[in-house]
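Residue numbers (full-length UniProt numbering): 1 to 743.
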Ligand code: ADP
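Here it is as structure tokens:
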């Protein structure tokens with residue numbers, strides 16, 4: 001027991017996980033522990049949620065740097081979670097306050113759902129009163145209390161449901177979506193073999209995010225979510241949709257149901273009921289799969305590792321810098337940035353949604369979920385049934401072409417372009433094999449059914465070529481575009497695709513066929529394109545890298561080993577930095593920062609000392625173009641040369657598998673959202689009869705377009721990357737969690 005009331009005593013932070021577990025909680029705990037140590041604070045892990053705080057003893061343990069080693073990639077929460085009934089009582093909270101006080105802990109980071117955060121806020125508000133009571137009853141002395149008059153808190157939301165109002169994603173939701181999509185892809189193949197229907201029930205008591213996102217990313221037929229209870233007679237509509245799909249040749253049908261789905265009278269719709277309806281009315285063999293806890297399991301996705309690490313880092317900053325009088329904050333991800341929002345406002349807004357649903361105010365419930373949720377609903381309905389409306393733009397012909405390197409998610413983009421385009425009244429044309437194919441006039445009209453089954457596969461069904469057309473190709477390309485009467489062009493791809501689109505845009509005075517709107521959609525694992533925080537394919541590549549790093553690390557688990565892993569990305573360090581952050585690298589080498597021999601020498605020195613003190617594993621991630629001279633091989637040899645036999649060194653170049661993964665849920669959704677916006681932009685131009693060209697991007701959670709004419713202002717053409725790269729702000733996060741002070 002520490003009874004030192006001195007203000008000089010170190011700052012002590014407690015961290016706990018509470019409520020339902022979620023993948024990524026470990027990453028957050030690890031980041032809290034390491035950031036706190038990096039900033040000179042002491043940190044205590046509180047085991048089994050609030051119960052550990054009440055029990056004291058072994059329930060509250062000081063954690064050092066190595067206590068969180070090796071947990072980044074583990075599912076669940078290694079410090080345990082619990083639903084503590086006792087913490088709901090003032091008596092329980094009094095015990096908790098005493099246990100914290102005795103250890104000098106007056107700052108808390110809690111990772112949990114809205115229940116846990118409500119409890120946290122109550123605890124903070126009661127803190128001065130609890131302390132006064134402890135003094136009055138003689139349990140602690142007044143001097144101790146005087147040093148810890150206020151409790152400073154920060155909340156992080158761990159919830160696979162993605163239900164917190166005010167943030168884009170909660171810890172665990174992305175991984176849960178991975179598990180659901182793995183199930184959908186698996187079910188699709190067996191369902192298609194037998195021409196069966198499946199009803200898939202996913203989690204989400206009050207929030208339909210998982211169901212909706214999965215239905216879009218998995219190319220499912222029908223979805224039932226709590227925010228949008230179906231109107232009477234929905235069974236007919238569902239059956240008509242499934243029947244129409246079958247009539248068009250679909251071999252499988254999948255209905256996704258959120259566990260909290262109800263009808264408009266508030267009666268729960270069970271998966272068994274849906275199965276019965278399909279069997280009875282369509283006479284189809286129908287199976288139910290309830291995914292249940294599978295959704296909480298497994299290794300966390302790359303996103304849940306890097307985002308949770310960032311959140312843990314920010315939470316420590318919050319409890320170290322917030323004024324004790326400031327409103328308590330919950331920290332979350334909005335867009336690709338961190339926001340700190342008033343905790344109780346976020347909790348109340350979140351808890352209001354089920355009330356709105358119960359009262360039948362569905363539009364308010366949808367509004368509370370935010371604009372991207374509404375956008376997903378609209379997109380699903382457009383993608384799942386071909387609309388029969390006639391758009392004014394009917395008859396216009398939009399061509400889709402892929403170019404540049406391959407990016408997982410290109411098929412999702414092409415599929416969404418065809419279906420949304422057809423739905424909006426266009427003739428959609430697929431160009432085969434990139435601009436080389438366009439030059440030869442390799443263009444085919446694609447209908448709704450031609451893109452069936454394009455959701456789960458990597459590669460590019462339309463084919464692509466890397467090359468940018470040469471000036472001498474432009475004439476032939478323009479002739480082919482005239483022959484096929486192309487009114488608008490969507491170019492989906494990476495750096496070379498953007499260059500090609502820009503070239504056509506700037507050459508339009510010479511070629512009348514180019515006097516059409518052109519929209520470029522970013523698809524590149526490198527994530528090096530202007531006007532967007534993320535490009536299609538980059539999340540998949542990141543997940544491939546993180547799995548590769550996990551395996552590489554495991555291969556060295558039985559020995560003392562040093563790994564240097566090389567990622568793609570050309571001159572852009574996104575993949576290297578994010579893979580290193582999500583993979584738990586100690587060092588990351590980027591072209592953006594350069595690699596200096598002096599730094600390498602210091603790294604070698606650090607490493608040698610570290611292995612002497614008992615380190616067993618070291619991981620460095622190097623971007624393929626981090627430095628012309630200090631290659632991956634060179635760094636490996638440098639480390640090996642200094643090893644004195646204390647460790648061995650292996651280099652590993654991840655290579656082209658980074659382009660080959662099956663697209664992640666996040667890439668599938670991004671592709672769909674971006675293409676929808678690209679079509680919207682083309683639609684505006686075609687209606688206005690203008691020929692402005694644009695490129696699409698994700699900025700602060702919104703899909704936006706930027707004028708093609710200004711593209712070069714935003715990029716370094718020599719380095720083939722944007723001038724501003726948001727993820728560079730994660731550099732200090734990497735250092736805080738990777739570089740043990742004084743080690
Ligand atoms: P979640 O945090 O996932 O929403 P719960 O609602 O079950 O999960 O809350 C988890 C734990 O947080 C509870 O078991 C309890 O210990 C604590 N808690 C929840 N609500 C309150 C509250 N109103 N007052 C005090 N503690 C609470």
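Positions of the beta carbon are idealized from the N, C-alpha and C atoms, including for glycine.
This structure is a prediction, so every number in the text was calculated from the model and none was measured.
Alpha carbon of residue i to alpha carbon of residue j, nearest angstrom
{"i": "residue 546", "j": "residue 483", "result": "46 Å"}
{"i": "residue 739", "j": "residue 38", "result": "8 Å"}
{"i": "residue 644", "j": "residue 638", "result": "12 Å"}
{"i": "residue 605", "j": "residue 436", "result": "52 Å"}
{"i": "residue 189", "j": "residue 657", "result": "23 Å"}
{"i": "residue 668", "j": "residue 453", "result": "13 Å"}
{"i": "residue 716", "j": "residue 243", "result": "52 Å"}
{"i": "residue 471", "j": "residue 413", "result": "28 Å"}
{"i": "residue 214", "j": "residue 182", "result": "10 Å"}
{"i": "residue 525", "j": "residue 406", "result": "8 Å"}
{"i": "residue 122", "j": "residue 303", "result": "31 Å"}
{"i": "residue 647", "j": "residue 549", "result": "18 Å"}
{"i": "residue 105", "j": "residue 46", "result": "11 Å"}
{"i": "residue 640", "j": "residue 401", "result": "47 Å"}
{"i": "residue 193", "j": "residue 357", "result": "39 Å"}
{"i": "residue 298", "j": "residue 202", "result": "16 Å"}
{"i": "residue 222", "j": "residue 236", "result": "12 Å"}
{"i": "residue 500", "j": "residue 403", "result": "8 Å"}
{"i": "residue 395", "j": "residue 485", "result": "11 Å"}
{"i": "residue 425", "j": "residue 354", "result": "37 Å"}
{"i": "residue 279", "j": "residue 327", "result": "54 Å"}
{"i": "residue 446", "j": "residue 397", "result": "11 Å"}
Closer than 7 Å: residue i CB and nearest ligand 1 heavy atom
{"i": "residue 56", "result": "no"}
{"i": "residue 205", "result": "no"}
{"i": "residue 209", "result": "no"}
{"i": "residue 114", "result": "yes"}
{"i": "residue 695", "result": "no"}
{"i": "residue 18", "result": "yes"}
{"i": "residue 87", "result": "yes"}
{"i": "residue 571", "result": "no"}
{"i": "residue 286", "result": "no"}
{"i": "residue 49", "result": "yes"}
{"i": "residue 59", "result": "no"}
{"i": "residue 308", "result": "no"}
{"i": "residue 296", "result": "no"}
{"i": "residue 83", "result": "yes"}
{"i": "residue 169", "result": "no"}
{"i": "residue 119", "result": "yes"}
{"i": "residue 478", "result": "no"}
{"i": "residue 77", "result": "no"}
{"i": "residue 190", "result": "no"}
{"i": "residue 159", "result": "yes"}
{"i": "residue 175", "result": "no"}
Other residues of its chain near residue i: CB distance less than 7 Å, five sequence neighbours each side excluded
{"i": "residue 632", "result": "564, 566, 622, 651 and 653"}
{"i": "residue 630", "result": "595 and 600"}
{"i": "residue 272", "result": "288"}
Buried versus exposed call for residue i [16 or more other C-beta atoms within 10 Å across all chains shown]
{"i": "residue 707", "result": "exposed"}
{"i": "residue 522", "result": "buried"}
{"i": "residue 460", "result": "buried"}
{"i": "residue 467", "result": "exposed"}
{"i": "residue 378", "result": "exposed"}
{"i": "residue 729", "result": "exposed"}
{"i": "residue 390", "result": "Model confidence at residue 390 stands at a pLDDT of 46, short of 50, so the residue's coordinates are unreliable; what they give is reported in the following sentence. Burial call: exposed."}
{"i": "residue 505", "result": "buried"}
{"i": "residue 130", "result": "buried"}
{"i": "residue 329", "result": "buried"}
Cut-off 6 Å between Cβ atoms - residues of its own chain near residue i, not counting five sequence neighbours on either side
{"i": "residue 664", "result": "539, 540 and 543"}
{"i": "residue 307", "result": "333"}
{"i": "residue 562", "result": "618, 639, 647 and 649"}
{"i": "residue 86", "result": "54 and 92"}
Below-8 Å beta-carbon distance, residue i vs any chain C residue
{"i": "residue 45", "result": "Absent from the structure: chain C. Only one protein chain is present."}
Problem set entry | Segment contact flag, the stretch 155–174 with the stretch 246–255, C-beta cutoff 8 Å, min 3 pairs | no
For this session: Would you check if the stretch 687–698 and the stretch 515–532 touch, i.e. whether three or more CB-CB distances between them fall below 8 Å?
Result: Touching, per the Cβ criterion.
For this session: Flag this pair as touching only if the stretch 170–181 and the stretch 143–162 have three or more C-beta atom pairs under 8 Å; answer yes or no.
Result: A contact exists between the stretch 170–181 and the stretch 143–162.
Exercise. Counting Cβ pairs closer than 8 Å, one from the stretch 66–74 and one from the stretch 94–113, do we hit at least three?
Worked result: no
Exercise. At a cut of 8 Å, does the stretch 586–595 reach the stretch 670–690 through at least three beta carbon pairs?
Worked result: no
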